[in-house]
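Trainee: Taking the working numbering, the leading residue of the sequence shown gets 14, the next gets one more, and so forth.
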Amino acid sequence: MRTCPYGKWGSRAPSILCIALVDPIQGPALRVLRDTVPALLSSHLRRHASAYCALLVGLAVTGVAALYVQRGIDERRNRRFDEAVREGTLGLQQRMDMYQAMLLGTRGLFSSSQQVERDEFHAYVESLELPRRYPGIQGIGFSQWLRPGELEAHEAEVGAEGLPDYHVWPEGERAEYTAIVFLEPLDARNRRAIGFDMFSEPTRQEAMRRAMETALPAASGKVRLVQEDEADTRAQAGFLIYVPVYNGTQPTTPEDRRAHLRGFVYAPFRMGDLVEGLRFPGFQGTVDLEIHDGAETGPEALLFTSRQEGPWEEGARLGLYREVPLSVAGRRWTLVFAARESFIERNSQLQLGTVLISGLLVTLLLFLMTRAQVNARAAAEAASAEQQRLASEARTAVRVRDEFLGVAAHELRTPLTSLKLQLQLLYRQLRQPGPLDAERVERGVESCERQTTRLSQLVDSLLDVSRLMHGRMELRLEALELGEVTRELVRRFETDAQSAGVRLTVDAPLPVQGRWDRLRLEQVLTNLVSNALKYGQGAPVDVRVRGDGSAAFLEVRDQGIGIAREDAERIFDRFERAVSSRHYGGLGLGLFITRQLVEALGGSIAVVSLPGQGSTFTVRLPVTGPGEEAEGTAPASEPPRAPLH
Ligand code: ADP
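1) Can you tell me the Cα-Cα spacing of arginine 187 and tryptophan 346, whole angstroms?
2) According to DSSP, what are the bridge partners of threonine 631?
3) Going by the beta-carbon positions, is the gap between serine 233 and arginine 222 smaller than 8 Å?
4) Any heavy atom of the ligand ADP closer than 7 Å to the Cβ of glycine 625?
5) Nearest by alpha-carbon distance to glutamine 151: which of Pro198, His61 and Gln470 is it?
6) Rounded to whole angstroms, what is the Cα-Cα separation between leucine 697 and isoleucine 357?
7) Smallest Cα separation from glycine 484: which of Glu459, Ala421 and Leu476?
8) Closer than 7 Å to a non-hydrogen atom of the ligand ADP - does that hold for the CB of phenylalanine 605?
9) Mind checking whether phenylalanine 585 and arginine 608 have CB atoms under 8 Å apart?
10) The beta strand (DSSP E) that contains glycine 251, what's its start and end?
11) I want to know whether the stretch 390 to 405 touches the stretch 94 to 106 - three or more CB-CB distances under 8 Å.
12) What residue from Ser140, Arg587 and Leu196 has the CA that sits closest to glutamine 157's CA?
13) Confirm the yes/no value for this check: CB of tyrosine 548, any heavy atom of the ligand ADP, distance under 7 Å.
14) Where does the unbroken alpha helix (DSSP H) through threonine 216 begin, and where does it stop?
15) Counting pairs of Cβ atoms below 8 Å between the stretch 459 to 476 and the stretch 593 to 603, do you hit three or more?
16) Contact between the stretch 385 to 393 and the stretch 59 to 69 is defined here as three or more beta-carbon pairs at a separation below 8 Å; is this criterion met?
17) What would DSSP say about glutamine 157, mapped onto helix, strand or coil?
18) Looking at valine 258: is its Cβ nearer than 8 Å to the Cβ of glycine 276?
19) Are the beta-carbon atoms of glycine 285 and phenylalanine 252 separated by less than 8 Å?
20) Below 6 Å CB to CB, which residues in the same chain sit around arginine 344 once its five sequence neighbours on both sides are set aside?
21) Ordered along the chain, which non-local residues of its own chain (more than five positions away) have a Cβ less than 7 Å from that of alanine 513?
22) Which residue comes first and which comes last in the alpha helix (DSSP H) that contains phenylalanine 585?
23) Between aspartate 415 and glutamate 462, what straight-line distance do the alpha-carbon atoms span, to the nearest angstrom?
24) When you measure from the CB of aspartate 571 to every non-hydrogen atom of the ligand ADP, does any distance come out below 7 Å?
25) So is the beta-carbon of glutamate 589 under 7 Å away from any non-hydrogen atom of the ligand ADP?
26) Please report how far the alpha carbon of arginine 247 lies from the alpha carbon of arginine 283, in whole angstroms.
27) Would you mind giving the Cβ-Cβ distance between leucine 348 and threonine 75, rounded to the nearest angstrom? I have them listed as a contact below 8 Å.
28) For isoleucine 606 versus asparagine 540, is the C-beta distance shorter than 8 Å?
29) Roughly how many angstroms lie between the CA atoms of proline 639 and glycine 616, to the nearest whole one?
30) Using 10 angstroms around the beta-carbon of glutamine 400, count the other beta-carbons present and answer buried if the total reaches 16, otherwise exposed.
31) Quick check on DSSP: helix, strand or coil for valine 129?
32) Quick check: the Cα distance between aspartate 509 and threonine 466, rounded to an integer number of angstroms?
33) Rounding to the nearest angstrom, what Cα-Cα distance links glycine 560 and phenylalanine 566 in this structure?
34) CB of alanine 407 to nearest heavy atom of the ligand ADP: below 7 Å?
35) Which residue or residues does DSSP assign as beta-bridge partners of alanine 52?
36) Quick one: using the 10 Å Cβ neighbour count with 16 as the cut-off for buried, is arginine 92 buried or exposed?
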């Protein structure tokens, strides 16, 4: 016992307690775990290596496929987004070009006629079918350029055309005036704008100047259209496009253009209505659009936004965000496109999820199939090994049985032959004339008795084996003194020992009491002593009896041929022998029966031997006898057994 320097057990504490106390990781249960788990794990891994390989390969392939698909998804999503952006930009561009072309066409109306009548203009605009062919446009108008001094005459002239309340507004002295003379369709909204001097307002003025000086269509910056209701909080941002109209032929220099300016054909736009009219099919409510006036984006410049939800971070994070410049009638716009969550979801999840799920399922299936295959193969191998083992056992059993039958036949024939000879001799003597030689007859009868005893011993051992094999051995326990039983049994061998010249002694100095079955004890002693005489080569045989209170020890020692180390265990088995049957007779059953009996009495038997130096057989028997369940009664009339050889 190791000593423990710690804890309340002091120096006598068992080391296992000490281990548990000092280091919980090394506690007995955990130590067992620590020792067995890695071994179990490694044998499991080795056995299922191919299944785990399949699992790893499957997972790797699924991972690579998922990456590949993810890349494909990203690419396709980007491509779709780019298509949506292109479609939106192009749609807006075409629409704006179309409006400008229409305004240039309207300028043609004014260029071709010095005086365009109100009805004429109305008919012209009606023929354009604005709501159907130019959705988003608020109307088409003409704003006349008025030089100082022309204002009064102009108001009078227009008033005479059936608009008695007509006046140019806002009021006030200005160097130049413009006045909206025509605006069709002349609905309630547009009627509000008649007479308005757009040149009085800086944003519009900038565009008008640009149009005048370049002789090209010019778009204004962001304005609030006069058509919008003052109180309307949902008013849309607007802008206008101006196309200059000159008197006479087209002037070529800015000064000429200013000098010959007659007015502007123009169109006001409400941004919401304009974009609404575009209806980009590619967007399908999944891409947001913002239109900013100028190169910078910001709330001041915001012309239109379709954004309803939160920020655009997710789209921007995935690269689904574009800022695209667009030139509209000499003015730069910035279009901002960003994918909504719905666009990202619609173009991402499904396929990747399908690939991952099906990949994992296929991998799992592969793993399970491979494992099942491995298990099936292992089971088949185990079954075949078991079959081979059984077949080999069966072959051995057949060989042992055949050998035994040969030996048994020989063993039985020897006393039978000698019995037959003796009987023939006796018969001849009986038939001989003259008086019987009583001494010779007596010797013959004695010899016959010896041979029949021998035969009955052989048959008894065979019966004993059969009983032992079928578990029919019964014990009759009683209080016995082992020394006394031994001495009495050994006495029966004295004649045999003397005639063989063997010194046979019993050393049993103290009584050893116990509860045993006398007949079985005698059988054990008989087998061991007769073996010692048989294999003892005439050397002394010593029998010793000792006890230690709980067990009795019976030792039979000879100095004969001894037993090889490799045979020491097997000689206790049925039919097992370690000598040639040519030199020594015997069935190989004595030690088998001895061990069975000793074990039935709750004890054990062992041999220590060296070839050529003798053997010592030691039997250990508990003094209390075997467990209660082994106790029973055996017929008291059963005779004590003689040696089995
Ligand atoms: P048997 O003596 O009939 O062959 P046993 O079962 O009594 O059968 O013994 C089995 C074998 O053990 C013997 O054949 C012999 O080889 C060996 N054996 C038994 N007792 C001794 C002994 N005292 N010395 C040497 N060998 C022995």
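Beta carbons are placed, not taken as given, at the ideal position from N, Cα and C, and that holds for glycine.
Mentor: Let's see:
1) 31 Å
2) Glu568 and Ala619
3) no
4) no
5) Pro198
6) Residue 697 cannot be examined here, being either before or after the span of the chain that is shown, 14 to 658.
7) Leu476
8) yes
9) yes
10) 251 to 259
11) no
12) Leu196
13) yes
14) 215 to 227
15) yes
16) yes
17) strand
18) yes
19) no
20) Ala232
21) Leu546 and Gly551
22) Taken as a continuous stretch (DSSP letters only), phenylalanine 585 belongs to no alpha helix (DSSP H), as it is neither H nor E.
23) 30 Å
24) yes
25) yes
26) 12 Å
27) Wrong, their Cβ atoms sit about 41 Å apart, outside the cutoff.
28) yes
29) 8 Å
30) exposed
31) coil
32) 15 Å
33) 6 Å
34) no
35) Partner(s): none; alanine 52 has no beta bridge.
36) exposed
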